[in-house]
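What follows is a short report on a single structure.
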Amino acid sequence: MKIPQLADPWTLYTSLRGRISRKTYWLWFALPIAVLNILSGVLDSALGTYVVDSEAGYVSVIMGLLVVWPGLVGMVKRLHDRDKTGKHLAALYGSLITAAILVMVIILRNPQSISAAEIDWRMFSPMLVWSLYFMYLSISIGFLRGTDGPNRYGPDPLGESIGARVDAKLSGVAAGFRTEASNQNYPSIAQSWGILGIMIASAVLLIPVTLLFEINVPMSIGTITLVGTLIGTGVPCWIVYGIRKKKTNIDSFNLTIGNPRIIPLIILAAIPLNLGIAGPLMDLIPMSDFFRNMMLELGSDQGLLMFAALVIAAPILEELIFRGIMLDGLLKIYSPVKAIVISSLFFGLIHLNPWQFVGGALVGGFMGWVYYHTRSVLATILIHASFNLTAFSLGYFIDIEVIMDLPYAEVLGGMTNYILFIAGSILITLTCVFFLNKEFKESVPVLLA
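Position 392 of the sequence shown, counted from 1, bears residue number 411 in my numbering, the numbering being contiguous throughout.
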């Protein structure tokens, strides 16, 4: 992979003018900022430089302030590449500031009678709208290709037009067809077991390293989870990607969605699939004290790093492995049903416990079905992120101990509510599947070589 060169770093990081490509954004903006934030958290943990009664550290706060402007510049330039104004970001963060002011007003008007839970419920609807808008901008900034050729914000950062690149690409098609027949499809079922073994080995090897590091450098649960996800899943992803590239000459993933109309449908389907179908099924399996305590510990951290681990890092890395590599290869060897079932079972197994196996296999089947019709890893990342975001958000509204200790029916307020909730969830999910199926029939999936 050719890394874009920095002709003028000062202008790149300070000027709001111009355009940048997706590759430049990820390599010179998103990745460095993420690394700096993680290192800041580690330094705060090592030095004990935390703000009183807060999980934030002084180093993290200072670093956060330093990267605010460069981060904003990168996002604005990516919007420019999409021929969109940077005012979208002003609307996004302006609404967030407005929400924060409203919360302060609510508290100041009657601080004694209004609980945090009541504030959460008051802000739920506007925050849901904000989250969907944030997701839309995140997709535009991080994943969607810029406009072809010059636009009102400057020349194409990729240089040549799509037409020129396609002509150059087509010149090698005949030779590609001659060699493609000799390429080995990867993975088979046996090789999928190998992928699972690589991931389990990585997790096992990470345990003593994490324990030793935590003893010497105490870290929050969110930090441990994020670092563990980036290493424990990121390293296997890199290894498996290298194996696939060597065996098949395939070095890319489809990170586009050909039909944007499916986006709200797949996100809407993920929520009831998690809460109203997978949740009750998982509740039927008795939970061990060890797993209960582990889930309580994870649920106790509702911070930004835990959010980054569960809603961003895990969906991206796991979907690259299980749909982008495993299912993609299985679909070339086996029937669609067999390939989807196998990949979803492996996805359930990697969670290494019977409770999450049920939910993992179920949502894995849905994501596999979507991937089969779209060949889009981005689509399954959005489903996975929505699934995890739903579980993560529950901690803001319901005590995690209540969720873990009480039967699902009691959490929902009785058997009648329980039955209605499940029936409604099934109805919403099936309705989304119905309309998704209609969209799939009207579109052709993008197949990447």
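C-beta: ideal position from N, C-alpha, C; glycine also.
Straight-line measurement puts the Cα of isoleucine 290 at about 15 Å from the Cα of isoleucine 281. In this structure glycine 90 is not in contact with leucine 98, their Cβ atoms being roughly 13 Å apart against a cut-off of 8 Å.
Taking the CA atoms as reference points, valine 246 sits about 31 Å from tyrosine 391.
By a beta-carbon distance limit of 8 Å, methionine 423 does not contact arginine 263. Their separation comes to about 39 Å. If you draw a straight line from the Cα of leucine 225 to the Cα of tryptophan 212, it comes to about 20 Å. Taking C-beta atoms as the reference points, leucine 397 and threonine 275 count as a pair closer than 8 Å. The alpha-carbon of proline 305 is positioned some 30 Å away from that of alanine 358. Taking C-beta atoms as the reference points, asparagine 278 and phenylalanine 406 fail to come closer than 8 Å. Put simply, the backbone Cα of aspartate 418 is about 33 Å away from that of alanine 110.
Within the model, the alpha-carbon separation for valine 95 versus leucine 339 is close to 27 Å. The Cβ-Cβ distance between arginine 171 and arginine 41 does not fall below 8 Å. Taking a cut-off of 8 Å on C-beta distances, the segment 431-445 does not touch the segment 318-332, as fewer than three cross pairs fall below it. Measuring C-alpha to C-alpha distances from tyrosine 32 to each of Val80, Tyr77, Val87 identifies Val87 as the nearest.
Beta-carbon to beta-carbon, serine 363 and glycine 384 are separated by about 4 Å, close enough to satisfy the 8 Å threshold. For glycine 76, the secondary structure class from DSSP, reduced to helix, strand or coil, is strand. Nearest in C-alpha terms to isoleucine 400, of all of Leu449, Val330, Val360, is Val330.
For glycine 173, the pairing in a beta bridge is given by DSSP as Asn170. Taking the CA atoms as reference points, tyrosine 112 sits about 14 Å from valine 92.
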